[in-house]
Amino acid sequence: MATKDSGTGGKKPTSNTGRNRNAFCSFCRKSFRDVGPLVEGPADVFICGECIELCQSIIVQEKKRRGSGKQPFAHIPSPRTLKEKLDQYVIGQTRAKKVLSVAVHNHYKRLSMTGQAGPSDVDLEKSNIL
């Protein structure tokens, strides 16, 4: 027995006989026999997996198109600026502050370049292996 959201927060049982046997995707009009299981929405609207994947790719492309000119950070602080900020809170540990400042700066740069390079363009290696 399938369940259908009644809109009041509870689940109302519905049977799979009758209307669900003739279910088809509301977008591509293919029968559930052709595309497999369908996701049911309100008012007997159905969508198949193929249309879900298509919609997802459209959304991803649109986000890339809109976000291509937008930089995630207005200003990436220099390692020197980061170290000066750490000096206000941490006493001593000069070498650790320098290393951390450079690492944070590089991390910000990598994040700002995320949309520009493909995932296969970046090679990262573990640096803590002897």
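First residue of the sequence shown: 0, per numbering that gives the first Met the number 0; consecutive thereafter.
Idealized CB from N, CA, C, for every residue including glycine.
Item: Between the CA atoms of ILE51 and ASN21 - distance to the nearest angstrom; Value: 20 Å
Item: Range of the contiguous alpha helix (DSSP H) that encloses VAL103; Value: 93-111
Item: Cβ neighbours of ASN105 in the same chain (closer than 8 Å, five flanking residues each side left out); Value: none
Item: For PRO78 and ALA95, the rounded distance between their alpha carbons; Value: 12 Å
Item: Exposure label - LEU110; buried when at least 16 CB within 10 Å; Value: exposed
Item: SER100 burial status per 10 Å Cβ neighbour count (16 or more: buried); Value: buried
Item: Contact set for ALA73: own chain, Cβ-Cβ below 7 Å, skip 5 residues either direction; Value: none
Item: Three-way DSSP call (helix, strand, coil) for CYS50 in this model; Value: helix
Item: Span of the alpha helix (DSSP H) around GLU83; Value: 78-86
Item: Spatial distance of GLY130 from THR80 (CA atoms); Value: With the chain represented from 0 up to 129, any question about residue 130 goes unanswered, as that position is not in the structure.
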